[in-house]
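Numbering (my numbering), first residue to last: 12 to 230.
#1: So residue 12 and residue 73 are in contact, right, with Cβ under 8 Å, and what is the actual spacing, rounded?
#2: Could you tell me the alpha carbon to alpha carbon distance between residue 91 and residue 211, rounded to whole angstroms?
#3: Thinking residue 16 and residue 79 are a contact (beta carbons under 8 Å), I'd like their distance in whole angstroms, please.
#4: Less than 7 Å between C-beta atoms, sequence neighbours within five positions excluded: which residues of the same chain meet that for residue 137?
#5: Where does residue 187 land, buried or exposed, given buried means 16+ other C-beta within 10 angstroms?
#6: Figure out for me which residue from 142, 120, 24 and 49 has the closest Cα to the Cα of residue 149.
#7: Nearest by alpha-carbon distance to residue 66: which of 224, 216, 228 and 229 is it?
#8: Since residue 16 is in the alpha helix (DSSP H), which residue starts that stretch and which ends it?
#9: How long is the line joining the alpha carbons of residue 221 and residue 39, rounded to whole angstroms?
#10: Okay, do the region 162-181 and the region 26-34 touch, 3+ Cβ pairs below 8 Å being the bar?
#11: Tell whether a beta-carbon distance below 9 Å holds between residue 42 and residue 218.
#12: What does a CB cutoff of less than 6 Å around residue 151 pick up in its chain, not counting 5 residues either side in sequence?
#13: Give the single residue among 69, 183, 88 and 47 whose Cα lies nearest to the Cα of residue 61.
#14: Which whole-angstrom value is the C-beta distance of residue 204 and residue 106, which I expect to be below 8 Å?
#15: Would you check if the distance between the CB atom of residue 142 and the CB atom of residue 133 is smaller than 9 Å?
#16: Going along the chain, which residues of its own chain have a beta-carbon closer than 6 Å to the beta-carbon of residue 200, five neighbours each way excluded?
#17: Within the same chain, show all residues whose beta-carbon is closer than 6 Å to that of residue 165, passing over the 5 residues directly before and after it, in chain order.
Okay, structure coming up:
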């Protein structure tokens, strides 16, 4: 998937869900699958979800743009319900993440491994513009770093979520996050959680990229 270089645009432009810039992006259709129950980190989770349907989002569309400093993703998928509030302990919200390797060949499907972390740019429907910059070295090891660096916007309309997730290509930090620059390419993954199905943590829909994310050169 190509992230087109758009130097005339700003972060503010990217965050406009229906900005015409997203019509110029070379989006890709993603086939989402459920994460394997056998890969869940505890016996309790595996027992709770055994034989139970999860990963109910099966298709999504993703596009990307960058301006040499900021990288933005626009993710869209069908969802008949809006789950953006938690009012009881058995309720969960809709969420999504773009997953990038912090180091070459980090296993995105496994959420990284020790010494080879994965960086997730995470959106939750109840957190508004405040996304999370997450680092993981395997299931059950996620932690949020560099607050206020992942910025999002969202819109649910006529049964479809449209979400923009943005972050600077590079950040000044010692945390093991994805650090990028124009003209690079790297693999990526996408995760979507259907809150109405009580999906959370490792229970989700997932897609691994068939082709790399290719950042246009800044020229």
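The C-beta atom is built at its ideal place from N, Cα and C for all residues, glycine as well.
Taking the geometry as given:
#1: At roughly 7 Å, the Cβ-Cβ gap stays under 8 Å, so residue 12 and residue 73 are in contact.
#2: Each residue's Cα considered, the two are about 18 Å apart.
#3: With a Cβ gap of about 7 Å, residue 16 and residue 79 count as contacting.
#4: If we look at residue 137 and ignore the five residues flanking it on each side, its Cβ neighbours are 95, 96, 97 and 104.
#5: Classification for residue 187: buried.
#6: For residue 149, the closest alpha carbon among the candidates 142, 120, 24 and 49 is that of 120.
#7: Among 224, 216, 228 and 229, the Cα nearest to that of residue 66 is on 216.
#8: Segment 13-16 is the beta strand (DSSP E) holding residue 16; no alpha helix (DSSP H) there.
#9: Distance between the alpha carbons of residue 221 and residue 39 is about 10 Å.
#10: Touching, yes, given that three or more Cβ pairs across the two stretches are closer than 8 Å.
#11: Contact annotation: residue 42 and residue 218 have beta-carbon atoms nearer than 9 Å.
#12: The beta carbon of residue 151 is closer than 6 Å to those of 52 in its chain, skipping five residues each way along the sequence.
#13: Comparing Cα-Cα distances from residue 61 to each of 69, 183, 88 and 47, the minimum goes to 47.
#14: Confirmed, about 4 Å.
#15: Yes, Cβ-Cβ distance for residue 142 and residue 133 is below 9 Å.
#16: If you ignore the 5 residues before and after residue 200, its C-beta comes within less than 6 Å of the C-beta of 110, 119 and 219, all in its own chain and listed in chain order.
#17: Cβ neighbours of residue 165 beyond the five flanking positions: 174.
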